[in-house]
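Trainee:
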Amino acid sequence: MDEEPKTDSEPKLTVSSSPHIYTTESIPKIMYSVVAALMPAFIGALYFFGWRALWLTAIAVLVSIVTEAIIQKFRKVDITVTDGSVIVTGILLAFNLPAGVPWWIPAVGAFFAVAIGKHAFGGLGFNPMNPALLGRAFLMASWPVHMTTDWTNPHGGTLSGLAAITGSTPLAVVKDAMKDISDGVNVEGAQSVLESTRDLYFPLFWGRVGGCIGETSVLLLLIGAIYLFYKRYIPYQIPVAYIGSVIIIAWIFGGEGYFSGDWIFHVLAGGLILGAFFMATDMVTSPSSPKGQWIFGLGCGVITMVIRLVGGYPEGVSYSILLMNLLTPLLDRYTRPKVFGA
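To convert, note that position 185 of the sequence shown is 170 in the working numbering; the numbers rise steadily by one, no gaps.
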(Lines of atoms letter the chains of each structure in order from A and count residues from 1; the text may use other names and numbers.)
(Lines give C-alpha, C1' and ligand atoms only; values in the text may rest on other atoms or scores of the structure.)
Protein backbone atom coordinates (compact mmCIF):
# COMPACT_ATOMS: atom_id res chain seq x y z
CA MET A 1 0.00 0.00 0.00
CA ASP A 2 1.43 3.33 -1.04
CA GLU A 3 2.03 5.92 1.72
CA GLU A 4 -0.10 8.99 1.35
CA PRO A 5 1.87 12.17 0.89
CA LYS A 6 2.02 14.52 3.91
CA THR A 7 0.26 17.82 3.69
CA ASP A 8 1.35 21.16 5.07
CA SER A 9 -1.44 21.01 7.65
CA GLU A 10 0.20 18.10 9.50
CA PRO A 11 2.25 19.01 12.62
CA LYS A 12 5.98 19.34 12.16
CA LEU A 13 8.64 18.35 14.68
CA THR A 14 11.79 20.33 15.30
CA VAL A 15 14.80 18.16 16.06
CA SER A 16 17.38 19.84 18.31
CA SER A 17 19.69 19.10 21.21
CA SER A 18 18.66 19.66 24.82
CA PRO A 19 17.77 21.63 26.86
CA HIS A 20 14.32 22.11 25.38
CA ILE A 21 13.38 25.31 27.20
CA TYR A 22 11.32 28.03 25.62
CA THR A 23 11.19 31.56 26.94
CA THR A 24 10.16 34.93 25.63
CA GLU A 25 12.91 36.63 27.63
CA SER A 26 15.96 38.05 25.87
CA ILE A 27 19.00 40.11 26.74
CA PRO A 28 17.50 43.35 25.35
CA LYS A 29 14.21 42.78 27.18
CA ILE A 30 15.98 42.17 30.49
CA MET A 31 18.46 45.01 30.11
CA TYR A 32 15.89 47.61 29.14
CA SER A 33 13.78 46.47 32.07
CA VAL A 34 16.77 47.21 34.31
CA VAL A 35 17.08 50.63 32.65
CA ALA A 36 13.40 51.25 33.40
CA ALA A 37 13.90 50.16 37.01
CA LEU A 38 16.72 52.70 37.38
CA MET A 39 14.61 55.58 36.08
CA PRO A 40 12.96 56.48 39.42
CA ALA A 41 16.40 56.91 41.00
CA PHE A 42 17.57 58.85 37.93
CA ILE A 43 14.63 61.25 38.20
CA GLY A 44 15.47 61.62 41.88
CA ALA A 45 19.08 62.41 40.97
CA LEU A 46 17.86 65.19 38.67
CA TYR A 47 15.71 66.60 41.46
CA PHE A 48 18.37 66.46 44.17
CA PHE A 49 21.51 67.30 42.16
CA GLY A 50 20.18 69.19 39.15
CA TRP A 51 21.35 69.12 35.56
CA ARG A 52 24.82 67.83 36.51
CA ALA A 53 23.25 64.44 37.18
CA LEU A 54 21.88 64.43 33.63
CA TRP A 55 25.19 65.43 32.05
CA LEU A 56 27.24 62.92 34.05
CA THR A 57 24.85 60.11 33.15
CA ALA A 58 24.64 61.11 29.48
CA ILE A 59 28.45 61.25 29.16
CA ALA A 60 28.89 57.87 30.84
CA VAL A 61 26.25 56.20 28.65
CA LEU A 62 27.48 57.81 25.41
CA VAL A 63 31.13 56.89 26.01
CA SER A 64 30.10 53.35 26.97
CA ILE A 65 28.14 52.91 23.73
CA VAL A 66 30.88 54.37 21.51
CA THR A 67 33.60 52.33 23.23
CA GLU A 68 31.70 49.07 22.82
CA ALA A 69 30.89 49.77 19.15
CA ILE A 70 34.52 50.58 18.29
CA ILE A 71 35.91 47.54 20.11
CA GLN A 72 33.39 45.18 18.52
CA LYS A 73 34.22 46.68 15.14
CA PHE A 74 37.91 45.96 15.64
CA ARG A 75 37.14 42.49 16.96
CA LYS A 76 35.04 41.86 13.85
CA VAL A 77 32.06 40.64 15.85
CA ASP A 78 28.44 41.72 15.78
CA ILE A 79 27.89 45.19 17.20
CA THR A 80 25.42 44.74 20.05
CA VAL A 81 25.17 48.21 21.54
CA THR A 82 21.39 48.09 21.08
CA ASP A 83 20.95 45.16 23.49
CA GLY A 84 20.91 47.58 26.44
CA SER A 85 23.70 45.99 28.49
CA VAL A 86 26.21 48.77 27.82
CA ILE A 87 23.54 51.37 28.65
CA VAL A 88 23.07 49.74 32.06
CA THR A 89 26.84 49.87 32.58
CA GLY A 90 26.94 53.58 31.79
CA ILE A 91 24.01 54.43 34.07
CA LEU A 92 25.36 52.41 37.00
CA LEU A 93 28.81 53.98 36.63
CA ALA A 94 27.27 57.48 36.71
CA PHE A 95 25.15 56.52 39.71
CA ASN A 96 28.39 55.79 41.60
CA LEU A 97 29.88 59.25 41.05
CA PRO A 98 29.65 62.43 43.14
CA ALA A 99 27.70 65.19 41.41
CA GLY A 100 30.64 67.60 41.46
CA VAL A 101 33.21 65.57 39.53
CA PRO A 102 34.54 67.06 36.25
CA TRP A 103 33.06 65.82 32.99
CA TRP A 104 36.07 63.69 32.05
CA ILE A 105 35.67 61.47 35.12
CA PRO A 106 32.58 59.61 33.78
CA ALA A 107 34.18 59.52 30.32
CA VAL A 108 37.37 57.84 31.54
CA GLY A 109 35.47 55.58 33.92
CA ALA A 110 33.05 54.43 31.21
CA PHE A 111 35.88 53.70 28.79
CA PHE A 112 37.72 51.63 31.40
CA ALA A 113 34.54 49.81 32.45
CA VAL A 114 33.67 48.72 28.91
CA ALA A 115 37.13 48.25 27.39
CA ILE A 116 38.88 46.61 30.36
CA GLY A 117 36.08 45.46 32.60
CA LYS A 118 34.04 43.88 29.82
CA HIS A 119 35.71 43.36 26.45
CA ALA A 120 39.18 42.49 27.70
CA PHE A 121 37.58 39.25 28.89
CA GLY A 122 35.52 38.61 25.76
CA GLY A 123 32.43 40.76 26.15
CA LEU A 124 29.03 40.25 27.74
CA GLY A 125 28.80 36.97 29.62
CA PHE A 126 32.54 36.54 30.06
CA ASN A 127 33.44 39.42 32.37
CA PRO A 128 34.34 38.15 35.87
CA MET A 129 33.54 41.43 37.64
CA ASN A 130 30.82 44.02 37.36
CA PRO A 131 32.15 46.49 34.73
CA ALA A 132 30.55 49.59 36.27
CA LEU A 133 32.00 48.84 39.69
CA LEU A 134 35.39 48.07 38.17
CA GLY A 135 35.27 51.45 36.43
CA ARG A 136 34.45 53.13 39.73
CA ALA A 137 37.29 51.30 41.51
CA PHE A 138 39.67 52.49 38.79
CA LEU A 139 38.52 56.09 39.23
CA MET A 140 38.81 55.80 43.02
CA ALA A 141 42.37 54.52 42.78
CA SER A 142 43.41 57.07 40.14
CA TRP A 143 41.63 60.25 41.28
CA PRO A 144 40.66 59.71 44.92
CA VAL A 145 40.39 63.44 45.65
CA HIS A 146 37.68 63.94 43.04
CA MET A 147 35.89 60.75 44.06
CA THR A 148 35.85 61.53 47.78
CA THR A 149 35.52 65.33 47.95
CA ASP A 150 33.53 66.53 44.91
CA TRP A 151 30.23 66.30 46.76
CA THR A 152 27.40 68.81 46.26
CA ASN A 153 24.53 69.64 48.57
CA PRO A 154 21.23 68.03 47.57
CA HIS A 155 18.23 70.18 46.82
CA GLY A 156 16.50 70.98 50.11
CA GLY A 157 19.13 69.39 52.32
CA THR A 158 22.73 69.36 53.51
CA LEU A 159 25.63 67.12 52.60
CA SER A 160 25.49 65.20 55.86
CA GLY A 161 21.73 65.44 56.31
CA LEU A 162 22.33 67.27 59.59
CA ALA A 163 21.99 71.01 59.90
CA ALA A 164 24.97 71.30 62.25
CA ILE A 165 27.38 69.32 60.05
CA THR A 166 27.76 70.32 56.41
CA GLY A 167 31.16 69.12 55.25
CA SER A 168 30.82 65.33 54.96
CA THR A 169 28.45 62.64 53.79
CA PRO A 170 26.50 60.69 56.47
CA LEU A 171 28.80 57.65 56.45
CA ALA A 172 31.91 59.84 56.66
CA VAL A 173 30.43 61.75 59.61
CA VAL A 174 29.76 58.53 61.52
CA LYS A 175 33.17 57.12 60.57
CA ASP A 176 34.91 60.21 61.93
CA ALA A 177 32.83 60.10 65.12
CA MET A 178 33.74 56.46 65.75
CA LYS A 179 37.41 57.27 65.20
CA ASP A 180 37.25 60.18 67.65
CA ILE A 181 35.74 57.92 70.31
CA SER A 182 38.39 55.25 69.81
CA ASP A 183 41.17 57.89 69.94
CA GLY A 184 39.64 59.65 72.94
CA VAL A 185 39.31 62.93 71.05
CA ASN A 186 36.18 65.08 71.45
CA VAL A 187 34.32 62.10 72.85
CA GLU A 188 31.22 64.02 73.92
CA GLY A 189 30.84 65.62 70.49
CA ALA A 190 31.34 62.27 68.76
CA GLN A 191 28.74 60.62 70.99
CA SER A 192 26.31 63.41 70.16
CA VAL A 193 26.86 62.73 66.45
CA LEU A 194 26.15 59.03 66.88
CA GLU A 195 22.98 59.78 68.80
CA SER A 196 21.81 62.09 66.01
CA THR A 197 21.86 59.36 63.33
CA ARG A 198 18.19 58.70 64.05
CA ASP A 199 17.45 62.16 62.71
CA LEU A 200 18.85 60.99 59.37
CA TYR A 201 16.35 58.20 58.75
CA PHE A 202 13.88 60.25 56.74
CA PRO A 203 16.48 62.28 54.75
CA LEU A 204 18.26 59.03 53.85
CA PHE A 205 15.05 57.26 52.91
CA TRP A 206 13.84 60.16 50.77
CA GLY A 207 17.29 61.10 49.39
CA ARG A 208 17.88 64.54 50.84
CA VAL A 209 21.54 63.87 51.72
CA GLY A 210 24.87 64.05 49.94
CA GLY A 211 26.44 61.11 48.18
CA CYS A 212 26.80 59.58 44.75
CA ILE A 213 24.02 60.75 42.46
CA GLY A 214 22.17 57.44 42.18
CA GLU A 215 22.50 56.03 45.69
CA THR A 216 20.89 58.59 47.99
CA SER A 217 17.15 57.85 47.69
CA VAL A 218 16.27 54.50 49.23
CA LEU A 219 12.60 54.98 48.34
CA LEU A 220 13.19 55.44 44.62
CA LEU A 221 15.69 52.57 44.45
CA LEU A 222 13.21 50.24 46.16
CA ILE A 223 10.55 51.15 43.61
CA GLY A 224 12.87 49.96 40.85
CA ALA A 225 13.86 46.86 42.81
CA ILE A 226 10.22 45.87 43.33
CA TYR A 227 9.72 46.05 39.57
CA LEU A 228 12.68 43.73 38.96
CA PHE A 229 11.35 41.29 41.55
CA TYR A 230 7.98 41.40 39.83
CA LYS A 231 9.66 40.55 36.53
CA ARG A 232 11.73 37.85 38.29
CA TYR A 233 14.96 39.24 36.90
CA ILE A 234 16.83 39.29 40.20
CA PRO A 235 16.99 36.63 42.94
CA TYR A 236 15.89 37.49 46.47
CA GLN A 237 18.68 35.48 48.10
CA ILE A 238 21.49 37.96 47.40
CA PRO A 239 19.78 41.16 48.64
CA VAL A 240 18.33 39.41 51.69
CA ALA A 241 21.67 37.87 52.68
CA TYR A 242 23.54 41.10 51.91
CA ILE A 243 21.27 43.47 53.83
CA GLY A 244 20.63 40.93 56.59
CA SER A 245 24.33 40.46 57.31
CA VAL A 246 24.83 44.23 57.34
CA ILE A 247 22.01 44.56 59.89
CA ILE A 248 23.48 41.92 62.20
CA ILE A 249 27.08 43.17 62.05
CA ALA A 250 26.08 46.83 62.37
CA TRP A 251 23.90 46.03 65.38
CA ILE A 252 26.61 44.02 67.15
CA PHE A 253 29.74 46.01 66.31
CA GLY A 254 28.53 49.37 64.95
CA GLY A 255 28.10 51.22 68.24
CA GLU A 256 30.21 52.23 71.21
CA GLY A 257 29.64 48.83 72.77
CA TYR A 258 28.39 45.48 71.58
CA PHE A 259 24.76 45.24 70.43
CA SER A 260 24.33 49.02 70.38
CA GLY A 261 24.92 49.88 66.73
CA ASP A 262 22.38 51.83 64.66
CA TRP A 263 21.70 49.18 62.03
CA ILE A 264 18.88 51.19 60.43
CA PHE A 265 21.34 53.96 59.60
CA HIS A 266 23.78 51.51 58.03
CA VAL A 267 21.03 50.03 55.84
CA LEU A 268 19.80 53.41 54.62
CA ALA A 269 23.17 55.15 54.23
CA GLY A 270 25.67 54.90 51.41
CA GLY A 271 25.28 52.65 48.40
CA LEU A 272 23.97 49.53 50.12
CA ILE A 273 20.49 49.52 48.53
CA LEU A 274 21.86 50.36 45.07
CA GLY A 275 24.54 47.69 45.39
CA ALA A 276 22.36 44.97 46.91
CA PHE A 277 19.56 45.17 44.34
CA PHE A 278 21.17 46.44 41.15
CA MET A 279 24.85 45.42 41.14
CA ALA A 280 25.34 42.40 43.38
CA THR A 281 22.49 40.67 41.49
CA ASP A 282 24.20 41.00 38.10
CA MET A 283 23.43 37.75 36.27
CA VAL A 284 26.92 37.37 34.82
CA THR A 285 29.01 38.02 37.91
CA SER A 286 26.89 36.43 40.65
CA PRO A 287 26.36 32.73 41.43
CA SER A 288 23.66 30.79 39.65
CA SER A 289 22.63 28.45 42.48
CA PRO A 290 20.46 29.59 45.41
CA LYS A 291 22.99 28.31 47.95
CA GLY A 292 25.79 30.17 46.20
CA GLN A 293 23.68 33.32 46.14
CA TRP A 294 23.15 33.16 49.91
CA ILE A 295 26.90 32.82 50.47
CA PHE A 296 27.62 35.58 47.95
CA GLY A 297 25.28 38.03 49.68
CA LEU A 298 26.64 37.12 53.10
CA GLY A 299 30.20 37.73 51.94
CA CYS A 300 29.25 41.10 50.48
CA GLY A 301 27.69 42.14 53.77
CA VAL A 302 30.66 41.07 55.88
CA ILE A 303 33.22 42.82 53.67
CA THR A 304 31.08 45.97 53.45
CA MET A 305 30.87 46.28 57.24
CA VAL A 306 34.55 45.47 57.78
CA ILE A 307 35.46 48.35 55.48
CA ARG A 308 32.87 50.68 57.02
CA LEU A 309 33.90 49.97 60.60
CA VAL A 310 37.66 49.43 60.47
CA GLY A 311 38.78 50.16 56.90
CA GLY A 312 40.22 53.34 55.45
CA TYR A 313 37.12 54.26 53.45
CA PRO A 314 33.72 55.14 54.92
CA GLU A 315 31.97 52.94 52.31
CA GLY A 316 32.72 49.40 51.20
CA VAL A 317 29.86 48.34 48.92
CA SER A 318 31.74 48.55 45.63
CA TYR A 319 34.83 46.68 46.81
CA SER A 320 32.80 44.01 48.59
CA ILE A 321 30.86 43.16 45.43
CA LEU A 322 34.00 43.14 43.28
CA LEU A 323 35.80 40.80 45.69
CA MET A 324 32.85 38.43 45.83
CA ASN A 325 32.60 38.55 42.02
CA LEU A 326 36.01 36.89 41.96
CA LEU A 327 34.69 34.07 44.15
CA THR A 328 31.67 33.41 41.95
CA PRO A 329 33.32 30.62 39.88
CA LEU A 330 34.25 28.77 43.08
CA LEU A 331 30.78 29.26 44.54
CA ASP A 332 29.22 27.94 41.33
CA ARG A 333 31.51 24.95 41.37
CA TYR A 334 30.93 23.88 44.97
CA THR A 335 27.26 24.81 45.34
CA ARG A 336 25.98 23.45 42.05
CA PRO A 337 23.00 21.15 42.66
CA LYS A 338 23.72 17.49 42.08
CA VAL A 339 22.41 15.97 38.87
CA PHE A 340 19.51 13.62 39.50
CA GLY A 341 20.76 10.05 39.60
CA ALA A 342 24.43 11.01 39.94
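Built from N, CA and C at the ideal position, the CB exists for glycine as well. As the structure is a prediction and not an experimental result, all values here were calculated from the model.
In the DSSP assignment, the alpha helix (DSSP H) including H131 goes from what residue to what residue?
Mentor: Note, H131: alpha helix (DSSP H), P129 to T134.
Trainee: Indicate the three-state DSSP secondary structure (helix, strand or coil) for V55 in the structure shown.
Mentor: Reading off the sequence, residue 55 comes out as Ile, not Val. Here I55 sits in helix by DSSP.
Trainee: With 16 as the cutoff for other CB atoms within 10 Å, does G169 come out buried or exposed?
Mentor: Exposed is the call here.
Trainee: Just verifying my parser: in three-state terms, what is the DSSP assignment at P83?
Mentor: Strand.
Trainee: Inspect the beta-carbon positions of I198 and F80 and report whether they are closer than 8 Å.
Mentor: Cβ atoms of I198 and F80: closer than 8 Å.
Trainee: Just mark L311 as buried or exposed, buried being the case when its beta carbon has 16 or more other beta carbons within 10 Å.
Mentor: By the neighbour-count rule (16 or more Cβ atoms within 10 Å), L311 is not buried but exposed.
Trainee: Report the option in P299, V324 and T313 whose CA atom is closest to the CA atom of F125.
Mentor: According to the sequence shown, residue 125 is Met rather than Phe. Nearest option by C-alpha distance: P299.
Trainee: I think S145 touches G195, with their Cβ atoms under 8 Å apart; what is that distance to the nearest whole Å?
Mentor: Right, the Cβ-Cβ distance comes to about 7 Å (below 8 Å), so this counts as a contact.
Trainee: Do you know offhand how far V46's Cα is from V178's?
Mentor: C-alpha separation (whole angstroms): 38 Å.
Trainee: Measure the Cβ-Cβ separation of I237 and G229 and say whether it is below 8 Å.
Mentor: No. Outside cutoff.
Trainee: May I have the straight-line CA-CA distance separating P25 from L189, to the nearest angstrom?
Mentor: Whole-angstrom Cα-Cα distance: 16 Å.
Trainee: Between the C-alpha atoms of T74 and E173, what's the straight-line distance to the nearest angstrom?
Mentor: In a straight line, the C-alpha of T74 is about 44 Å away from that of E173.
Trainee: If I follow the unbroken alpha helix (DSSP H) through D184, where does it start and stop?
Mentor: It is not in any alpha helix (DSSP H) - D184 carries neither H nor E in the DSSP assignment.
Trainee: Please state if the CB of S153 and the CB of M161 are separated by a distance shorter than 8 Å.
Mentor: Looking at the sequence shown, residue 161 is not Met but Asp. Yes, these two residues count as a Cβ contact at 8 Å.
Trainee: Going by beta carbon distance, what residues of the same chain come within less than 8 Å of T67, once the five residues before and after it are set aside?
Mentor: The residues are P13.
Trainee: Check whether the region 114 to 121 touches the region 301 to 311, counting contact only when three or more Cβ pairs, one atom from each stretch, lie closer than 8 Å.
Mentor: As far as the Cβ criterion goes, the region 114 to 121 touches the region 301 to 311, which means the pair count is three or higher.
Trainee: Report buried or exposed for Y243, applying the criterion of at least 16 other Cβ atoms within 10 angstroms of its Cβ.
Mentor: So Y243 ends up on the exposed side.
Trainee: Which residue from E180, V93, D135 and V71 puts its Cα closest to that of G110?
Mentor: Of the candidates E180, V93, D135 and V71, the one whose C-alpha sits nearest the C-alpha of G110 is V71.
Trainee: So L316 packs on P272, CB below 8 Å; how close in whole Å?
Mentor: Confirmed, Cβ separation roughly 4 Å.
Trainee: In terms of DSSP beta bridges, what is L147 paired with?
Mentor: For L147, which the question treats as bridged, DSSP gives the partners I150.
Trainee: Can you name the residues that DSSP bridges to C197?
Mentor: Looking at the DSSP assignment, C197 forms a beta bridge with P83.
Trainee: Would you identify the three-state DSSP class for Y243, choosing helix, strand or coil?
Mentor: Residue state, collapsed to three classes: coil.
Trainee: Under the assumption that L207 contacts I258 (Cβ atoms under 8 Å), give the Cβ distance between them as a whole number of angstroms.
Mentor: That pair is a contact at about 7 Å.
Trainee: Look at the Cβ atom of W89, then the Cβ atom of W40, and state whether they are nearer than 8 Å.
Mentor: No, these two residues do not count as a Cβ contact at 8 Å.
Trainee: Return yes when at least one heavy atom of the ligand MN lies under 7 Å from the C-beta of S305, else no.
Mentor: Within the structure as shown, the ligand MN is missing, as the structure has no ligands at all.
Trainee: With a cut-off of 8 Å on the beta carbons, I'd call I292 and G286 a contact; round off their distance for me.
Mentor: Not really, about 11 Å apart at Cβ, beyond 8 Å.
Trainee: Where L156 and G102 are concerned, what is the direct C-alpha to C-alpha distance, given to the nearest angstrom?
Mentor: Cα-Cα distance, rounded: 28 Å.
Trainee: Check G169 in the structure and name its three-state DSSP category.
Mentor: Coil, per DSSP.
Trainee: What's the call for D267, buried or exposed, on a 16-neighbour Cβ count within 10 Å?
Mentor: It counts as buried.
Trainee: Output the distance between the C-alpha atoms of V159 and P113, rounded to the nearest integer angstrom.
Mentor: C-alpha separation (whole angstroms): 33 Å.
Trainee: Does DSSP classify V62 as helix, strand or coil?
Mentor: It is coil, neither helix nor strand.
Trainee: T52 and A100 - do their beta-carbons sit closer together than 8 Å?
Mentor: Yes, these two residues count as a Cβ contact at 8 Å.
Trainee: Have a look at Y186, K58, Y218 and T182 and flag the residue whose alpha-carbon is nearest the alpha-carbon of V20.
Mentor: Cα-wise, what sits closest to V20 is Y218.
Trainee: Whose C-alpha, out of A22, N171 and G192, is nearest the C-alpha of Y32?
Mentor: Taking only the C-alpha atoms, the option nearest Y32 is G192.
Trainee: Quick one, which of G239, I223, L253 and F263 has its alpha-carbon nearest W279's?
Mentor: Selected option, being the one with the closest Cα: I223.
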